Each structure stands twice: as structure tokens, then as C-alpha cells.
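J.: Residue numbers (the working numbering): 190 to 477.
Following this message is one structure expressed as C-alpha cells.
Listed below in C-alpha cells is the structure:
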């Protein structure tokens, strides 16, 4: 069986960079083992599989080369940008079904935006020292105590004081994976409020070795929790945040994620994260 895969660069910053994700349309007849095999052959951090849904406009299943995951921000943006470019979306307000429920999607011009949940937070307490060791940083480099934030998935949010601190991080992936397993994290999302481009709120790096991702260049499901953290715990009281990512990677892959917060009485009730995506190449994968 031959499977066509569109490789989409999501959250591109201007016309370059972004985070590549695979997109497979008409995946209704594929079983879990076949989807995992395809994701492994594609070899990207995530591949999205699109099939028919009885409760939303589209059903999306997300696979890393290691396992299936509940949600993926950049693969969602990749999928709906691709569907929009193929004129397969009838209404700009559309939706996706996932294994953890349905989420709203909105298309605005070249941007696709995905709904996330209102945030929740959790301290890591005595494990803060292990977090520092896993990232190779000191207490003096921290903005404040690391905290788990969740708008659909758990991410450990770690703030450092400068772009230099962010770039100098040398992660110990085994330690990050162990802490990710303990706290059911997708990974560590490390940020600084010093940015490479103007009119940005944070520059970030994402480490998710528990899911087979040493570092990725754009993480929409993490940018949402970070924006909430900036609003709730750093008291940056605004409703639009722009997060850049991928600048500190080697080689760099600049990415830009826009996060919109819906507020009621200064309390976040809804999170929407979005960006643009373009086709970088097409693959043909053969499976049994």
C-alpha cells in the first residue's frame, strides 16, 4: 500500500523556518500499527492522520515515531492549513476530533488557530533542583520557580533571564525524560522574555525526549501554556502573546506562534494558538 504524505512546515516565521509535520489525508482504513509505521518512516516529530468524524468536521490522530499522543499543535496547524489550501474546508470555523475530545479550529486568511483549554498549574517542589541539573543551569539563571502548566497537555515551564542563558542550555535528555515520565509531561518548555525579533513576548526552546524529540522548533500546545503563565504568574496582563521558538537550535529554524487569550474578569477562560504553514515536500510511503 502506497501512502502520500504532505510535509508541512508549521508556524513559519515570515517565509522560512517552522516545524515540519507529516499530514496523511483519507486515513480511515489505516490501523494503529500502520500509522505508527508511517510516522516512523516519515521520521518527523509528529505525523497527523485525517479521517472522517461523527462528532467534528475531521478526526485527527497524532503519532510520533515512538507512540500515539493526544494532541499536537504544529501538526494541527499543518493539517488545517493543508486542508484549507486544498479547499477542503467549507467553513472557516471548523473542528477536530481527538482521542481526548473535540477542539474548535478557525481559519483566518493564511492563519489556522486551534482551541486549547483554560489553564491549570502544578508546582514541582523539591524536584526543582533536578530540573536545573537536567538543563545544566543554575538557580541564579532562573526567572522564578519552574511550574507545570496545562491547557490540554502538561508542560514544565522554565524561565531563564537572557537569550544567552537560553542558548547555552545543554540538556541532559535522560534526566528530562525521567522527570517527564514522573509528572506526565510532554516535555520542558524553556523561555526568556529577551527575544530575537521585536514585538515578541518570549523566545523559547522545547525538549521532549520522553516522546523521542530531543528538541523541536515550534510547539503550539506549549506556547498556549506559556502565554497563560506569562499572564497569570508574571502578571503580563494582555490577551495576545507572540512566542518565537527555534532560534537557538543548531541549525536555527525560526518559528512564530500567536496565542489569543479569552478573559473574563481577568481570568483566562479559553486559549487559542495559531500560525501559518506551507508545503515543503511530498513523500510516498510504502506499508504492508
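All residues carry an ideal CB built from backbone N, CA and C; glycine is no exception.
The structure presented is a predicted model; accordingly, all values stated were derived computationally and were not measured.
1. Find the nearest neighbour of residue 290 within the set 342, 321, 331 and 324, judged by alpha-carbon distance.
2. Going along the chain, which residues of its own chain have a beta-carbon closer than 8 Å to the beta-carbon of residue 402, five neighbours each way excluded?
3. Do residue 369 and residue 380 have their CB atoms nearer than 8 Å?
4. Quick one: Cα of residue 257 to Cα of residue 398, how far?
5. Rank 339, 470 and 217 by C-alpha distance to the C-alpha of residue 310 and give the top, closest one.
6. Cβ of residue 211 within 8 Å of Cβ of residue 231?
7. Let me confirm a value: residue 207 is counted as buried when at least 16 other C-beta atoms fall within 10 Å, else exposed. Which label applies?
8. Can you give the Cα-Cα distance for residue 352 and residue 200, rounded to whole angstroms?
9. Once DSSP output is grouped into helix, strand and coil, what is the label at residue 453?
10. Below 8 Å on the Cβ atoms is my contact criterion, and I expect residue 418 with residue 346 to pass it. Report the Cβ-Cβ distance as a whole number of Å.
11. Note down, in chain order, each residue of its chain lying with its Cβ closer than 8 Å to the Cβ of residue 322, except the 5 sequence neighbours on either side.
12. Under three-state DSSP, which class holds residue 403?
13. Kindly indicate which residue of 218, 477, 446 and 428 has the alpha-carbon position closest to the one of residue 453.
14. Which same chain residues end up closer than 8 Å to residue 385 when comparing Cβ atoms and leaving out the 5 residues on each side of it in sequence?
15. Tell me which residues share the same chain as residue 326 and place their Cβ nearer than 7 Å to its Cβ, disregarding the 5 neighbours each side in the sequence.
16. What are the boundary residues of the alpha helix (DSSP H) that residue 343 is part of?
17. In angstroms with no decimal places, state the Cα-to-Cα distance between residue 459 and residue 477.
T.: From the atom records:
1. In the chain shown, residue 290 corresponds to position 101, counting from 1. For residue 290, the nearest C-alpha among the options comes from 342.
2. As a first step, residue 402 is located in the chain shown; it is residue number 213 there, counting from the start. Around residue 402: 234, 253, 376, 395 and 396.
3. By one-based count along the chain shown, residue 369 stands at place 180. By one-based count along the chain shown, residue 380 stands at place 191. No, the pair does not count as a contact, with Cβ atoms beyond the cut-off.
4. Residue 257 sits at position 68 when you count from the first residue of the chain shown. Residue 398 sits at position 209 when you count from the first residue of the chain shown. Approximately 14 Å between the Cα atoms of the pair.
5. Counted from its first residue, the chain shown places residue 310 at position 121. Comparing Cα positions, the closest option is 339.
6. Within the chain shown, the letter at position 22 stands for residue 211. Within the chain shown, the letter at position 42 stands for residue 231. Yes; because the gap between Cβ atoms is below 8 Å, this pair is in contact.
7. In the chain shown, residue 207 corresponds to position 18, counting from 1. Residue 207 should be labelled buried.
8. Residue numbering aside, residue 352 sits at position 163 when the chain shown is read from its first letter. Residue numbering aside, residue 200 sits at position 11 when the chain shown is read from its first letter. About 20 Å.
9. Within the chain shown, residue 453 is the residue found at index 264, counting from 1. If DSSP states are grouped into helix, strand and coil, residue 453 belongs with the strands.
10. On the chain shown, position 229 is the one that residue 418 refers to. On the chain shown, position 157 is the one that residue 346 refers to. Between residue 346 and residue 418 the Cβ distance is about 5 Å, and since that is below 8 Å, they are a contact.
11. Here the question's residue 322 lines up with position 133 in the chain shown. Once the five neighbours on either side are set aside, the close Cβ partners of residue 322 are 361 and 364.
12. Within the chain shown, residue 403 is the residue found at index 214, counting from 1. Reduced to three states, the DSSP call for residue 403 is strand.
13. Taking the first residue of the chain shown as 1, we reach residue 453 at position 264. Here the closest residue by C-alpha is 428.
14. Taking the chain shown and counting its residues from 1, the one referred to as residue 385 is at position 196. 352, 392, 433, 436 and 443, listed in sequence order.
15. Numbered from its first residue, the chain shown carries residue 326 at position 137. The answer, listed in chain order, is 349, 354 and 358.
16. For the purposes of this step, residue 343 is identified with residue 154 of the chain shown, where counting begins at 1. Careful: residue 343 lies outside any alpha helix (DSSP H), inside the beta strand (DSSP E) at 343-348.
17. Taking the chain shown and counting its residues from 1, the one referred to as residue 459 is at position 270. Taking the chain shown and counting its residues from 1, the one referred to as residue 477 is at position 288. For residue 459 and residue 477, the distance between alpha carbons rounds to 42 Å.
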